[in-house]
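Worksheet for the structure shown next.
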Amino acid sequence: MLAVQDVRLDPGSRRVWRGETEIRLSRKEFQLLHALMVRPGDIVTRGELMADVWQTSFYTNSKTIDVHLGWLRRKLGDDPRSPTLITTHRGRGLRFEASADTVAS
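Each residue of the sequence shown is one higher than the one before, counting from 1 in the UniProt record's numbering.
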């Protein structure tokens, strides 16, 4: 079981909770969340995400990650204008924040 902030992810059962509420995710959304949560506080590059989640070393569609990230943030209740869970670092990648206190203002 992975637990970062108030999000828990069970890789074995492929289930996710935010607080006490279970969140239903598609397979790719789950894989994207897992790829980020196994490295809390670390920036994960888009290339690493494409390899881990989509098993490809090239961008099949430059918006693929952004679209899935949008769906994932919406389901987790993470405001894309001021995210506290998954932050975007332009030109570098994405990071699942280890704590809400570490989010840059």
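Just so you know, even glycine gets a beta-carbon here, dropped at the ideal spot from N, CA and C.
Q | Contact belief for residue 34 with residue 9 at Cβ below 8 angstroms, rounded distance in angstroms | A | The sequence position of residue 34 within the sequence shown is 34, counting from 1. The sequence position of residue 9 within the sequence shown is 9, counting from 1. Confirmed, Cβ separation roughly 6 angstroms.
Q.
So, with DSSP's three-state summary, where would you put residue 36?
A. Start at 1 with the first residue of the sequence shown, and residue 36 comes out as number 36. Here residue 36 sits in helix by DSSP.
Q | N-terminal and C-terminal residue of the beta strand (DSSP E) that residue 93 is part of | A | Taking the first residue of the sequence shown as 1, we reach residue 93 at position 93. Start and end: 93 to 96.
Q: Report the rounded CA-to-CA distance for residue 40 versus residue 7, giving the unit in angstroms.
A: Numbered from its first residue, the sequence shown carries residue 40 at position 40. Numbered from its first residue, the sequence shown carries residue 7 at position 7. Roughly 12 angstroms between the two C-alpha positions.
Q | CA-to-CA distance, residue 21 to residue 4, given in whole angstroms | A | By 1-based counting over the sequence shown, the position of residue 4 is 4. By 1-based counting over the sequence shown, the position of residue 21 is 21. Roughly 15 angstroms between the two C-alpha positions.
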